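Participant: Heads up: the sequence shown begins at 1 in the UniProt record's numbering, then just goes up one per residue.
Before I ask anything, let me first share the structure, which is written out below as structure tokens.
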Amino acid sequence: MKKKFPLKGTKKLVMVSGGFDPIHPGHIRLFKEAKALGDKLVVVINNDNWIRAKKGHGFMSAKDRAEVISSFRHVDGVIISKHKRNPKDMSVCRELLKLKPNVFANGGDRNEKDAQNPKSYLYKDIKLCKKLGIEMFFNIGRGGKIRSSSALLKEYVKKNKSQRLKRSGKK
Numbered sequence: 001m002k003k004k005f006p007l008k009g010t011k012k013l014v015m016v017s018g019g020f021d022p023i024h025p026g027h028i029r030l031f032k033e034a035k036a037l038g039d040k041l042v043v044v045i046n047n048d049n050w051i052r053a054k055k056g057h058g059f060m061s062a063k064d065r066a067e068v069i070s071s072f073r074h075v076d077g078v079i080i081s082k083h084k085r086n087p088k089d090m091s092v093c094r095e096l097l098k099l100k101p102n103v104f105a106n107g108g109d110r111n112e113k114d115a116q117n118p119k120s121y122l123y124k125d126i127k128l129c130k131k132l133g134i135e136m137f138f139n140i141g142r143g144g145k146i147r148s149s150s151a152l153l154k155e156y157v158k159k160n161k162s163q164r165l166k167r168s169g170k171k
């Protein structure tokens, strides 16, 4: 599963981060467009602690998400974040400091205006990127967010519940 991604000789390293739970076409567009911004693309997958803090529960484990994402041709490497249980800090500053990418690309649900809000989990990331001189891009992945992972899961649960009720004869 683990892709080796030697960073020596990389002229322009691009980093993206997210929950990617579950993975959907918008994520694939993000990876493809982010890769075009540099030589190598590293995807930081927010770990299970982060997912539980944001959504209350996960659909896929971080390890499974990493295995799936590492198989994509535009992805050169995958790192799972180190968020602690019940994280107060939802940023990926630790990973930004470790990788020191040239570019931090953000998908369709993340924009610069929202990231300027001190309550946004991107706020610390933005401040660190500015301090380190990391170039930032927003709304990567063909024109904004198509469908969120959370919306997909809600739709799935609703559809499943409806089908179970039909089978049981209840409505």
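For every residue, glycine included, the Cβ atom is placed at its ideal position computed from N, Cα and C.
On a predicted model such as this, the values are computed, not experimentally measured, just so you know.
(1) From the DSSP output, which residues share a beta bridge with Met15?
(2) Considering only residues of the same chain and omitting the five flanking positions on each side of Phe138, which have a CB-CB separation below 7 Å?
(3) So, with DSSP's three-state summary, where would you put Phe72?
(4) If you follow the beta strand (DSSP E) that Ile51 is in, where does it begin and where does it stop?
(5) Go to Ile80, then tell me how far its beta strand (DSSP E) extends in each direction, as first and last residue.
(6) Just verifying my parser: in three-state terms, what is the DSSP assignment at Ile134?
(7) So, helix, strand or coil for Ile28, using DSSP?
(8) DSSP three-state label for Ile23, please.
(9) Give me whichever residues DSSP pairs with Ile126 in a beta bridge.
(10) Return the CA-CA distance between Asp114 and Tyr123, expressed in angstroms with no decimal places.
(11) Buried or exposed: Lys35, going by 16 or more other Cβ atoms within 10 Å of its Cβ?
(12) For the structure I just gave you, are there three or more beta carbon pairs, one from the stretch 49-61 and one from the stretch 93-100, closer than 8 Å?
(13) Taking only the alpha-carbon atoms, compute the straight-line gap between Gly56 and Thr10 and give it to the nearest angstrom.
(14) Taking the alpha helix (DSSP H) that Leu97 belongs to, which residues open and close that run?
(15) First and last residue of the alpha helix (DSSP H) that includes Asp114?
(16) Are residue 174 and Pro101 touching if we call contact CB-CB under 9 Å?
(17) My understanding is that Asp76 touches Val42, with C-beta atoms under 8 Å, so please give their C-beta distance in whole angstroms.
Facilitator: In this structure, then:
(1) Val42 and Phe104
(2) Asn106, Arg110, Asn111 and Glu112
(3) coil
(4) Careful: Ile51 lies outside any beta strand (DSSP E), inside the alpha helix (DSSP H) at Asp48 to Lys55.
(5) Gly77 to Ile80
(6) coil
(7) helix
(8) coil
(9) Paired residue(s): none; Ile126 is not in a bridge.
(10) 8 Å
(11) buried
(12) no
(13) 38 Å
(14) Looking at the DSSP string, the run of the alpha helix (DSSP H) that includes Leu97 is Cys93 to Leu99.
(15) Start and end: Glu112 to Ala115.
(16) Look at the range of the chain in this structure, 1 to 171, and you will see that residue 174 is not part of it.
(17) 6 Å
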